[in-house]
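Undergrad: Dumping the structure here so I can ask a few things about it.
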Amino acid sequence: MKKMKALVLRGDAFQIEEVDTPVPSGQQAFVKISYAALNHRDQWIRDGQYAKIQLPAILGSDGSGVVEKVGNDGDKSWIGKEVIINPNINWGNDERFQSKDSQILGMPSHGTLAEYVVVNVDRLHQKPAYLSMEQAAAFPLGGLTAYNALFNKGKVQSGMNVLISGVGGGVAQFAFLFAKAVGANTYVTSSKEKVIEFCKNLGAKDGANYTEKDAVKNLAKSVGGFDIVIDSACGDGMNELIAALKPAGKFVFYGATKGLPSGLNMRQIFWNHLQLLGSTMGSDKDFFKMLDFCNEHKIEPIIDKVFDFKDAVAAFDRMKNSEQFGKILVNIKSV
Ligand SMILES: NC(=O)c1ccc[n+]([C@@H]2O[C@H](COP(=O)([O-])OP(=O)(O)OC[C@H]3O[C@@H](n4cnc5c(N)ncnc54)[C@H](OP(=O)(O)O)[C@@H]3O)[C@@H](O)[C@H]2O)c1
158 MKKMKALVLR
168 GDAFQIEEVD
178 TPVPSGQQAF
188 VKISYAALNH
198 RDQWIRDGQY
208 AKIQLPAILG
218 SDGSGVVEKV
228 GNDGDKSWIG
238 KEVIINPNIN
248 WGNDERFQSK
258 DSQILGMPSH
268 GTLAEYVVVN
278 VDRLHQKPAY
288 LSMEQAAAFP
298 LGGLTAYNAL
308 FNKGKVQSGM
318 NVLISGVGGG
328 VAQFAFLFAK
338 AVGANTYVTS
348 SKEKVIEFCK
358 NLGAKDGANY
368 TEKDAVKNLA
378 KSVGGFDIVI
388 DSACGDGMNE
398 LIAALKPAGK
408 FVFYGATKGL
418 PSGLNMRQIF
428 WNHLQLLGST
438 MGSDKDFFKM
448 LDFCNEHKIE
458 PIIDKVFDFK
468 DAVAAFDRMK
478 NSEQFGKILV
488 NIKSV
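Rendered as structure tokens:
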């Protein structure tokens, strides 16, 4: 059996190891990974804070690479193509929510933090020509999640006031870039002043540091409230974000990094006809739509830092310590 290098998570270790190289069969493609990108999901799994963890695991939902082999002769046209991978497996038939059988690439199936990955051919998308392999790897999970939250749930339109909370996050930066591209009046929050300044230079109308008392409240007051708030933190900051909405505004959340709020102001929610909308990644159709949108608007991801493969664990530590602004990448080719 041929061997490849992969970052392997075990109960007692997280390190680069030599493992069997996967072999494609049937509808599968064998992709040589160029770059992988991290999502908070990977760090949750590393920390044991994720449902149904199966170890050992090769994590990584995002990747760009080149197709080297396919299982079926009928798919040979993919060979040699530069691709990105839709990490969403078995979304199911209902566009609105994932099926019970849905999975995400990178646990339980082996993910992109390896020299090679085997995925079904229907997960492949040609890399948008305007993006480098490095940039392209940043898109799949975060871009899809941001697209679903902003367009399908938030129903964003040009001229709306949209607040992206925790914009330093990998998904949030896409929500910011997409909202801006669609012509929304885009506002941001972050714990990092330099991130707020960076976004203002990119076209954010204004920003607030969510660690400062009343900063979000004051921002909302100064702009007359928000039509949409996009968040993934929840926790006690949720009430402040909900209070920042205009009547009939939408609070869209795709994560709950800070857990449950200790209380929710129900009266404020019903009295102002507010909507609380949960969201996850998105369907296969959404993935196509997200890529079309990015191609049309030439969206370039904000990349925090690119780590060599040998330093992949340090890349995870950067995410664990919330030091990043944008996507953290791993150069798998550097192995
Ligand atoms: N359901 C799904 O399908 C799905 C998909 C993707 C992500 N998620 C979830 O969404 C969350 C974010 O994922 P990610 O990959 O974007 O993570 P990430 O890159 O690690 O970003 C996390 C960001 O959260 C922000 N944050 C932390 N505490 C906050 C608070 N109290 N208020 C506002 N923002 C806060 C920080 O922003 P600043 O640095 O700007 O302070 C941080 O950069 C995770 O919980 C993840 O599991 C769910």
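Residue numbers for the sequence shown follow the numbering used here, so the first one is 158 and each next one is one higher. Even for Gly, the Cβ is constructed at its ideal location relative to N, Cα and C.
#1: Looking at ligand 1, does it come within less than 8 Å of residue 209, judged from the CB to the closest heavy atom?
#2: Mind pulling the beta strand (DSSP E) runs of 3 or more residues that sit fully within the stretch 250-286?
#3: Any heavy atom of ligand 1 closer than 8 Å to the beta-carbon of residue 248?
#4: Would residue 332 pass as a contact of residue 306 if the rule is Cβ separation under 9 Å?
#5: Less than 8 Å separating the Cβ of residue 269 from some heavy atom of ligand 1?
#6: Rank 184, 459, 181 by C-alpha distance to the C-alpha of residue 328 and give the top, closest one.
#7: Quick check on the burial criterion: 16 or more other C-beta atoms within 10 angstroms. Buried or exposed for residue 404?
#8: Can you have a look at residue 393 and say buried or exposed, based on whether 16 or more other CB atoms are within 10 angstroms of its CB?
#9: Measure the beta-carbon distance from residue 383 to residue 320 and round it to whole angstroms, keeping in mind my assumption that it falls under 8 Å.
#10: State the Cα-Cα distance for the pair residue 273 and residue 171, rounded to the nearest angstrom.
#11: Roughly how many whole angstroms lie between the Cα atoms of residue 164 and residue 287?
#12: Counting pairs of beta carbons, one from the stretch 216-225 and one from the stretch 185-199, are three or more of them closer than 8 Å?
#13: Have a look at residue 184 and residue 406 and give me their C-alpha separation to the nearest angstrom.
#14: Tell me the DSSP secondary structure of residue 185 in three-state form.
#15: Helix, strand or coil for residue 204 per DSSP?
#16: Could you give the DSSP three-state label for residue 343: helix, strand or coil?
TA: On the basis of the data shown:
#1: no
#2: 273-277, 281-283
#3: no
#4: yes
#5: no
#6: With distances taken between Cα atoms, residue 328 lies closest to 459.
#7: exposed
#8: exposed
#9: 4 Å
#10: Going by the C-alpha atoms only, they are around 18 Å apart.
#11: 29 Å
#12: Yes, the stretch 216-225 is in contact with the stretch 185-199.
#13: Rounded to the nearest angstrom, the two C-alpha atoms are 44 Å apart.
#14: strand
#15: coil
#16: strand
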